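Participant: Below is one structure. I have some questions about it.
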Amino acid sequence: MYAVWNSEKNCSCSRNRVSLGVFFYLGLLLTFFMGCQENNEKDELSSPSCEQYTGASDTKSGPGIAEPLDPFEQNSLLGRGVNLGNALEAPNEGEWGITLEEEFFDLIKNVGFNSVRIPIRWSAHTNIMSPFGIHPGFLNRVDWAVEQALSRGLMAVINIHHYEKLMEDPDAHRKRYLAIWCQLADHYKNMPGELLFDLLNEPNTNLTPELWNDLLVDALSVIRETNPYRTLIIGTAQWGGLGALDDLSISGEETNAIVSAHYYEPFQFTHQGAEWVSGSDPWLGTIWGSAQDYAAVEKDFDRLLSWSQENNRPVRIGEFGAYSKADINSRVMWTAHVARSAEERGFSWAYWEFAAGFGVYNPSSRSWNQELLESLISP
Ligand code: BGC
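Under my numbering, the residues of the sequence shown are numbered 816 to 1194, in order.
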């Protein structure tokens, strides 16, 4: 949420990088070439198709999904979940301190979570030129993570996370974003219904609510080519919160989708002292727990529930959490209240996150933060 990571390792628009002598002219040529490509892109995308992007990687074998799934049932199976944050959505796994381990999945399953959301920075592991091939080694690593979850009876959600260039320049990155989904959808098409696709983490900045709705039409169409029955998760624009809920528009023909909202309210409490949020230091010391604080969460979730009923869409809180710099008692109360308020209304949830700055598990001491864990998984 409101992350300002600048470390994405790919450089998909390198036009302004080359400056001197022959490099300058090469740069101009490249600019011209890429400009043409982008123009062609828009024409081709009037009816997007995955034909040119698939077949690049081995397709996972499995039983697939034999019949349409009920997204409300799927949402209740997702139940209580946790985000495996700061691992595969770092520029490279391990660079933000978390490398996924087999044991994590055992721990998560054994304390009673039902699902994991696996945030993934595909944009750092995908070719910048058409046909935008995903690097096979990285795809194998994601396969491993998905299998770790599914083999233990945990539902798994994979997403596209931290695609910041898409947020900056949605037009230039539209084709690449769709190409990523074409490849993933083809690769995982035989996986069971316990694997769900979450289309994009927190659309923001220049990917406005209107443009997100527009991109969604094509994203749904390319995914449905190969995955007619898989349950999809769709988030709101403007950083994934409740603000853009009423702007979200999903075609009525799409009947197997769960709508996800991220919940970090009040932001000055949950993000106090967060290094990636400028101006958050003065918020340090903000506590939570007054009657008004409790009521504010109820009010937000009632609004979500009405939206869910009016639109006949199941709802999930795809991320929520309070940063470790906040007072632990407030964090515990807030976390319990958000989780219980979601459950009372039939929303699934996924805590942000497992073992980093918001972590419910401490990888150094190899122990759970017991109070936080109990606030999530109530006895
Ligand atoms: C972002 C993370 C951030 C978290 C809380 C997530 O969606 O991807 O980088 O730590 O929200 O702000």
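Every residue gets a Cβ at the ideal spot worked out from N, C-alpha and C, and that includes glycine.
The structure presented is a predicted model; accordingly, all values stated were derived computationally and were not measured.
Going by DSSP, what residue range makes up the beta strand (DSSP E) through tryptophan 1164?
Facilitator: The residue labelled residue 1164 in the question sits at position 349 within the sequence shown. Element bounds for tryptophan 1164: 1163-1166.
Participant: Between tryptophan 1149 and the ligand BGC, is the CB less than 7 Å from at least one heavy atom?
Facilitator: Here residue 1149 refers to the residue found at position 334 when the sequence shown is read from its first residue. Because no heavy atom of the ligand BGC lies under 7 Å away, the Cβ of tryptophan 1149 does not count as near it: no.
Participant: By Cβ distance below 7 Å, which residues in the same chain neighbour phenylalanine 887 in space, the five residues on each side in sequence not counted?
Facilitator: What you label residue 887 is simply residue 72 of the sequence shown in a count that begins at 1. Hits under 7 Å: Pro1129.
Participant: In terms of residues, what are the limits of the beta strand (DSSP E) holding valine 931?
Facilitator: As a position in the sequence shown, residue 931 is number 116, starting the count at 1. Counting along the chain, the beta strand (DSSP E) containing valine 931 begins and ends at 930-933.
Participant: Closest by CA to tyrosine 1079, which one among Gly1050, Ser1036, Glu1134, Asn1126?
Facilitator: Residue mapping note: residue 1079 aligns to position 264 of the sequence shown, counting from 1. The option with the nearest alpha carbon to tyrosine 1079 is Glu1134.
Participant: Mind checking who serine 1075 pairs with in its DSSP beta bridge?
Facilitator: In the sequence shown, the residue the question calls residue 1075 occupies position 260. DSSP, once it has assigned bridges, lists Gly1050, Arg1131 as partnering serine 1075.
Participant: Is it a yes or a no for the segment 998-1015 touching the segment 956-968, going by three-plus beta-carbon pairs under 8 Å?
Facilitator: Segments in contact, yes.
Participant: Would you tell me roughly how many angstroms separate the C-alpha atoms of isoleucine 1048 and isoleucine 1143, rounded to the nearest one?
Facilitator: By 1-based counting over the sequence shown, the position of residue 1048 is 233. By 1-based counting over the sequence shown, the position of residue 1143 is 328. Cα to Cα, the separation comes out at about 31 Å.
Participant: Can you list, in chain order, the stretches of the beta strand (DSSP E) that have 3 or more residues and sit fully within the segment 952-1028?
Facilitator: Within the segment 952-1028, the complete beta strand (DSSP E) runs of at least 3 residues are 970-974, 1010-1013.
Participant: Could you tell me if proline 1018 is buried or exposed, where buried requires 16 or more neighbouring beta carbons within 10 angstroms of its beta carbon?
Facilitator: In the sequence shown, the residue the question calls residue 1018 occupies position 203. It is buried - the Cβ of proline 1018 has at least 16 other Cβ atoms within 10 Å.
Participant: Measuring only the C-alpha atoms, how far is phenylalanine 838 from isoleucine 933?
Facilitator: Working through the sequence shown from its first residue, we reach residue 838 at position 23. Working through the sequence shown from its first residue, we reach residue 933 at position 118. Its pLDDT being 43, under 50, phenylalanine 838 is placed unreliably by the model, and the measurement read from it follows with that caveat. Their Cα atoms are separated by approximately 40 Å.
Participant: Is there contact between the segment 1058-1066 and the segment 903-919, where contact requires at least three CB pairs shorter than 8 Å?
Facilitator: Judged by Cβ distances under 8 Å, the segment 1058-1066 makes no contact with the segment 903-919, as fewer than three pairs qualify.
Participant: Would you kindly report the start and end of the unbroken alpha helix (DSSP H) that includes arginine 1118?
Facilitator: As a first step, residue 1118 must be located in the sequence shown, where it is residue number 303. First-last of the alpha helix (DSSP H) with arginine 1118: 1106-1126.
Participant: For leucine 993, which residues from the same chain have a beta carbon less than 7 Å from its beta carbon, with the 5 sequence-adjacent residues on both sides left out?
Facilitator: As a working note, residue 993 is residue 178 in the sequence shown. Hits under 7 Å: Pro863, Asp1033, Ala1034, Val1037.
Participant: Taking 7 Å as the line, does the beta carbon of glutamate 1134 fall inside it for any heavy atom of the ligand BGC?
Facilitator: Within the sequence shown, residue 1134 is the residue found at index 319, counting from 1. For the ligand BGC, at least one heavy atom lies less than 7 Å from the Cβ of glutamate 1134.
Participant: Report the option in Leu1188, Cys997, Trp1027 whose CA atom is closest to the CA atom of isoleucine 949.
Facilitator: As a first step, residue 949 is located in the sequence shown; it is residue number 134 there, counting from the start. The shortest C-alpha separation from isoleucine 949 is found at Cys997.
Participant: Is it the case that the Cβ atoms of alanine 1170 and isoleucine 913 are separated by a distance below 8 Å?
Facilitator: Mapped onto the sequence shown, residue 1170 falls at position 355. Mapped onto the sequence shown, residue 913 falls at position 98. In contact: alanine 1170 and isoleucine 913 (Cβ atoms closer than 8 Å).
Participant: Express the C-alpha separation of valine 1074 and leucine 1022 in angstroms, rounding to a whole number.
Facilitator: The count along the sequence shown starts at 1 and reaches residue 1022 at position 207. The count along the sequence shown starts at 1 and reaches residue 1074 at position 259. Leucine 1022 and valine 1074: Cα-Cα distance of roughly 18 Å.
Participant: Under 8 Å, do proline 1007 and isoleucine 923 count as touching if we go by C-beta distance?
Facilitator: By 1-based counting over the sequence shown, the position of residue 1007 is 192. By 1-based counting over the sequence shown, the position of residue 923 is 108. Contact: no.
Participant: Could you spell out where the alpha helix (DSSP H) holding asparagine 925 opens and where it closes?
Facilitator: Looking up residue 925 in the sequence shown gives position 110. 917-925 is the extent of the alpha helix (DSSP H) around asparagine 925.
Participant: Taking 7 Å as the line, does the beta carbon of glutamate 1017 fall inside it for any heavy atom of the ligand BGC?
Facilitator: The residue you call residue 1017 lines up with position 202 of the sequence shown. Glutamate 1017 Cβ: within cutoff of the ligand BGC.
Participant: With a Cβ-Cβ cutoff of 8 Å, do leucine 1187 and threonine 1046 count as a contact?
Facilitator: As a first step, residue 1187 must be located in the sequence shown, where it is residue number 372. As a first step, residue 1046 must be located in the sequence shown, where it is residue number 231. Cβ distance not < 8 Å, so leucine 1187 and threonine 1046 don't count as in contact.
Participant: Within 10 angstroms of its Cβ, does asparagine 890 collect 16 or more other Cβ (buried), or is it exposed?
Facilitator: Start at 1 with the first residue of the sequence shown, and residue 890 comes out as number 75. It is buried - the Cβ of asparagine 890 has at least 16 other Cβ atoms within 10 Å.
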